[in-house]
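Data first, discussion second: the structure below is written as structure tokens.
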Amino acid sequence: DCPVRPSTAAIPNGYVVVEGYKYRVACLVEKHEIEQITRPLSLQALLEADSQLLQPKVWSDFADNLEQLGCKVYVYGSYAYQSLTQEAYVRPTSDLDLLLYQQHQHDVPEILQFIQQVQAQSSIRLDGEIQIHPDWHVSFNELIAVFPEMKQQVIVKGIQRVEMLRLEQLFEGKLEYADATTT
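For the sequence shown, the positions run 1 to 183 when UniProt numbering is used.
Here's what the structure looks like:
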């Protein structure tokens with residue numbers, strides 16, 4: 001989800017890129033071409049860098065509550081791009097895209113409550129994923145929609161594949177086949 005600037009983008013023949021629109025772009029990169037892998041911008045760093053970008057009290061409370069649980073929170077998407085580049089990427093309709101890495105699985109219900117609280121207190125829509133298992137990430141909005149119905153299925157995403165798993169498989173450790181890698 002990166003706004004494309006026509007003056008700097010290499011555009012294949014036949015494609016038209018309109019300034020002001022966002023385009024989803026996939027890139028194939030060879031391993032040897034990767035120089036560095038880093039985590040996205042932390043929510044705390046975003047709040048410290050630009051206190052005007054987000055409603056300070058609501059978001060600092062949210063960040064503090066998650067930090068107290070040992071949950072690491074990272075920002076990607078338009079808010080991260082704007083903070084890192086100082087260019088105008090955030091629009092009134094922009095989501096705040098987050099990656100959550102909880103320390104303890106039993107904290108997930110409380111983390112979901114904090115997400116719901118901040119969504120109720122802010123006009124900014126949250127989107128993103130929470131790491132439920134070392135190999136699996138789940139949309140926290142999808143989790144909120146079905147939790148705590150343990151028979152419900154959610155889409156889980158890993159590095160090598162995507163699966164549909166029941167919540168009981170994620171939260172009760174029934175991941176016998178989920179740990180197996182596929183080729």
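Every residue gets a Cβ at the ideal spot worked out from N, C-alpha and C, and that includes glycine.
- As computed with DSSP, H133 is found in a beta bridge with W136.
- Within the same chain, F140, L143, I144 and F147 come within 7 Å of L112 by CB-CB distance, once the 5 residues on both sides are set aside.
- Counted as a single uninterrupted DSSP element, the stretch harbouring Q153 is not any alpha helix (DSSP H) but the beta strand (DSSP E) occupying residues Q153 to K157.
- The residues V58, in chain order, have a CB closer than 7 Å to that of Q121 in the same chain once the five nearest residues on each side in sequence are set aside.
- Looking at I132, I124 and I159, the one whose alpha-carbon comes closest to that of E168 is I132.
- If you draw a straight line from the Cα of D135 to the Cα of G158, it is about 6 Å long.
- Look at D97 here: in three-state DSSP terms it is strand.
- Exposure of S123 is indicated by the presence of fewer than 16 other C-beta atoms within 10 angstroms of its C-beta.
- A straight line joining the alpha-carbon of D127 with that of L96 spans about 6 Å.
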